[in-house]
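Have a look at the structure below before the remarks.
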Amino acid sequence: MTREEMFVSLIEGMPSFDGRYSNLCCINNYANPIPNKRQGQFSVVFSATDDVTDERVIIKVYDPFRPSKFRMDCFEREGEVLQELIDKNRCLQLKKAINTTDVQLPVTPSPIDISLSYFATEILPVDIFEKFNQKGSMPIDDKIDLFREILLGIRALHMHKVYHRDLKPDNLRGEEKDNRVIAIDLGTAVLPKTVHVLSSYEKVQVGHPSYASPEACCGLYGHRELSIYNDYYSLGCIMFELFTPNTLYLELHKKRITDIISLCEFQMASEPESTKISKWHEIAHYYTNRLDYPTLSDYPNDISKSIINYLERILHGFIRFDYRERINIDEALRLIDICIKIRSNDKFEKELQKRHQVYRLNRIAKIIKMNTKYLSAGECHD
Ligand SMILES: Nc1ncnc2c1ncn2[C@@H]1O[C@H](COP(=O)(O)OP(=O)(O)O)[C@@H](O)[C@H]1O
Ligand SMILES: [Mg+2]
17 MTREEMFVSL
27 IEGMPSFDGR
37 YSNLCCINNY
47 ANPIPNKRQG
57 QFSVVFSATD
67 DVTDERVIIK
77 VYDPFRPSKF
87 RMDCFEREGE
97 VLQELIDKNR
107 CLQLKKAINT
117 TDVQLPVTPS
127 PIDISLSYFA
137 TEILPVDIFE
147 KFNQKGSMPI
157 DDKIDLFREI
167 LLGIRALHMH
177 KVYHRDLKPD
187 NLRGEEKDNR
197 VIAIDLGTAV
207 LPKTVHVLSS
217 YEKVQVGHPS
227 YASPEACCGL
237 YGHRELSIYN
247 DYYSLGCIMF
257 ELFTPNTLYL
267 ELHKKRITDI
277 ISLCEFQMAS
287 EPESTKISKW
297 HEIAHYYTNR
307 LDYPTLSDYP
317 NDISKSIINY
327 LERILHGFIR
337 FDYRERINID
347 EALRLIDICI
357 KIRSNDKFEK
367 ELQKRHQVYR
377 LNRIAKIIKM
387 NTKYLSAGEC
397 HD
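Under the numbering used here, the first residue of the sequence shown carries the number 17, and numbering increases by one thereafter.
Right, here's the structure in full:
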């Protein structure tokens with residue numbers, strides 16, 4: 017038994033966690049990570065019953081076996097961000113602020129006492145990552161609706177000046193009622209008061225590289241004022257993944273655009289901090305119209321001709337190489353709403369055509385019937 021397995025079974029077996037929670041069940045495969053599943057490893061996540069309120073909640077415990085200042089800072093920041101989002105619509109709700117509780121690990125030769133930091137949030141039952149896994153059988157209208165909900169969920173964070181910086185399908189969950197999508201895992205998010213975040217960790221890869229913007233990959237990750245654009249870029253990656261069979265990262269790799277980003281990273285590495293942004297503007301301006309980005313129509317899909325251009329505008333608006341040219345979420349929502357209207361008009365027109373056809377066929381059948389009757393009546397008279 018590994019220490020992680022022992023830890024999970026110890027917590028799951030406790031009749032009461034911190035005197036308040038029962039029936040704990042680890043839900044993030046902490047002890048046995050699934051290969052190829054893009055999951056974070058910052059914490060141990062349990063579902064549990066809150067014995068005070070009788071609701072099921074999520075308990076996120078700071079990983080006791082991988083302590084580091086960076087991880088603890090992320091954990092504490094998540095608690096801080098969640099505090100700011102209390103009672104905010106479409107934002108993950110905190111149920112208990114960061115707290116500590118002592119547990120005893122039954123190891124030989126003598127048990128060890130450890131102090132666990134944790135917080136509790138509401139539970140969001142719908143697994144958006146799983147929905148992405150089933151995208152092959154998802155009708156186009158459902159994809160559009162899902163993406164619209166994702167946009168609304170991220171817009172809710174941005175309205176409170178919280179920028180996520182690690183957006184990807186497994187950091188999105190959904191509510192059952194109204195299909196609302198809500199962002200989770202706010203450990204790398206920034207708040208208005210966070211200035212030039214994580215400058216001491218500039219070398220640390222924060223956020224999943226497949227969803228990180230080119231400027232974030234090139235050393236500008238810590239610039240708070242750029243984080244909103246990183247979220248836009250990640251939304252473009254998420255959109256690409258939902259509407260095509262592949263990930264954008266894989267396609268950029270095939271088209272060697274990732275090589276160009278590596279080259280930019282090399283150029284940016286030697287740039288002093290004070291001129292980094294202006295250097296990036298120069299580089300981004302050079303490449304922004306020179307790269308051959310994949311389009312939705314490159315892949316087999318059921319997107320109708322009437323809306324594909326609007327969807328392409330959102331996608332390419334979000335993934336523009338130069339962050340200054342990216343579209344914002346309101347513009348993306350405006351374009352998505354046009355798609356929804358066109359689709360419902362298309363459906364209405366199809367329905368109308370079908371009704372016309374039925375009407376015409378009925379009329380023809382009636383005329384034939386009348387003629388047959390008339391002819392057979394004539395035959396009788398003769
Ligand atoms: N509020 C929640 N409701 C339902 N599942 C959750 C919730 N928070 C976390 N999870 C599950 O736990 C996993 C890991 O949690 P997350 O906050 O993303 O931490 P990590 O830093 O380990 O990625 C998520 O991918 C999700 O499956
Ligand atoms: Mg996560």
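Ideal placement from N, C-alpha and C gives every residue a C-beta, glycine not left out.
{"Asked": "G169 - containing alpha helix (DSSP H), residue span", "Found": "I156 to M175"}
{"Asked": "Distance between L236 and A291 (C-alpha atoms, nearest Å)", "Found": "Sequence check: residue 291 is Thr here, not Ala. Each residue's Cα considered, the two are about 11 Å apart."}
{"Asked": "C-beta atoms of Y248 and K184 nearer than 8 Å", "Found": "no"}
{"Asked": "Residues of its chain near G252, where Cβ-Cβ distance is below 6 Å and the 5 sequence neighbours each way are ignored", "Found": "L331, F334 and I335"}
{"Asked": "Residue range of the alpha helix (DSSP H) that includes A300", "Found": "K292 to Y303"}
{"Asked": "Cβ distance (whole Å) where N115 is taken to contact F135 below 8 Å", "Found": "7 Å"}
{"Asked": "Nearest neighbour of L349, chosen from T117, A172, F337 and D338 [CA to CA]", "Found": "A172"}
{"Asked": "Delimiting residues of the alpha helix (DSSP H) encompassing E71", "Found": "Note, E71: premise wrong, no alpha helix (DSSP H); not H, not E."}
{"Asked": "Residue nearest to N195 in terms of C-alpha spacing, selected from Y390, D143 and E347", "Found": "D143"}
{"Asked": "Residues near A232 by beta carbon distance below 6 Å, same chain, minus five either side", "Found": "N246"}
{"Asked": "Assigned secondary structure, C42 (DSSP; H/G/I helix, E/B strand, else coil)", "Found": "strand"}
{"Asked": "Closest Cα partner of I324 within the set P49, C355, Y46 and P83", "Found": "C355"}
{"Asked": "Contact test: E401 Cβ vs ligand 1 heavy atom, cutoff 7 Å", "Found": "Nothing about residue 401 can be reported from this structure: the residues present for the chain run from 17 to 398 only."}
{"Asked": "Any non-hydrogen atom of ligand 1 closer than 7 Å to L173 Cβ", "Found": "no"}
{"Asked": "G238 at chain D interface by Cβ criterion, 8 Å", "Found": "Absent from the structure is chain D; it holds one protein chain and no more."}
{"Asked": "Near ligand 2: N246 beta-carbon under 7 Å from a heavy atom", "Found": "no"}
{"Asked": "Within 8 Å, strictly: CB atoms of F33 and I102", "Found": "no"}
{"Asked": "Contact test: D143 Cβ vs ligand 2 heavy atom, cutoff 7 Å", "Found": "no"}
{"Asked": "CA-to-CA distance, N361 to A381, given in whole angstroms", "Found": "30 Å"}
{"Asked": "beta-carbon N187 near ligand 2 non-hydrogen atom, thresh 7 Å", "Found": "yes"}
{"Asked": "Within 8 Å, strictly: CB atoms of G203 and E94", "Found": "yes"}
{"Asked": "Strand pairing of I198, partner residues [DSSP]", "Found": "R189"}
{"Asked": "Residues sharing a beta bridge with E138, DSSP", "Found": "V73"}
{"Asked": "Whole-angstrom distance between V61 and M30, CA atom to CA atom", "Found": "15 Å"}
{"Asked": "Segments assigned beta strand (DSSP E), at least 3 residues, entirely inside the segment 104–153", "Found": "110–121 and 128–138"}
{"Asked": "For F337, the three-state DSSP class (helix, strand or coil)", "Found": "coil"}
{"Asked": "Sequence-distant residues of the same chain with beta carbon closer than 6 Å to S131, five excluded per side", "Found": "T116 and D118"}
{"Asked": "heavy atom of ligand 2 below 7 Å from D79 C-beta", "Found": "no"}
{"Asked": "E298 versus A285: straight-line alpha-carbon distance, rounded", "Found": "15 Å"}
{"Asked": "From R36, D79, F86 and R82, residue whose alpha carbon lies closest to that of R72", "Found": "R36"}
{"Asked": "Cutoff 7 Å; reference M255; Cβ partners in own chain excluding five residues on either side", "Found": "F163, I330, L331 and F334"}
{"Asked": "Which of helix, strand or coil DSSP assigns to C355", "Found": "helix"}
{"Asked": "C-beta contact flag for L167 and I319 at 8 Å", "Found": "no"}
{"Asked": "Three-state secondary structure (DSSP) of Y249", "Found": "helix"}
{"Asked": "C-alpha distance - M88 paired with P316, whole-angstrom precision", "Found": "44 Å"}
{"Asked": "Beta-carbon proximity of E289 to T311, cut-off 8 Å", "Found": "no"}
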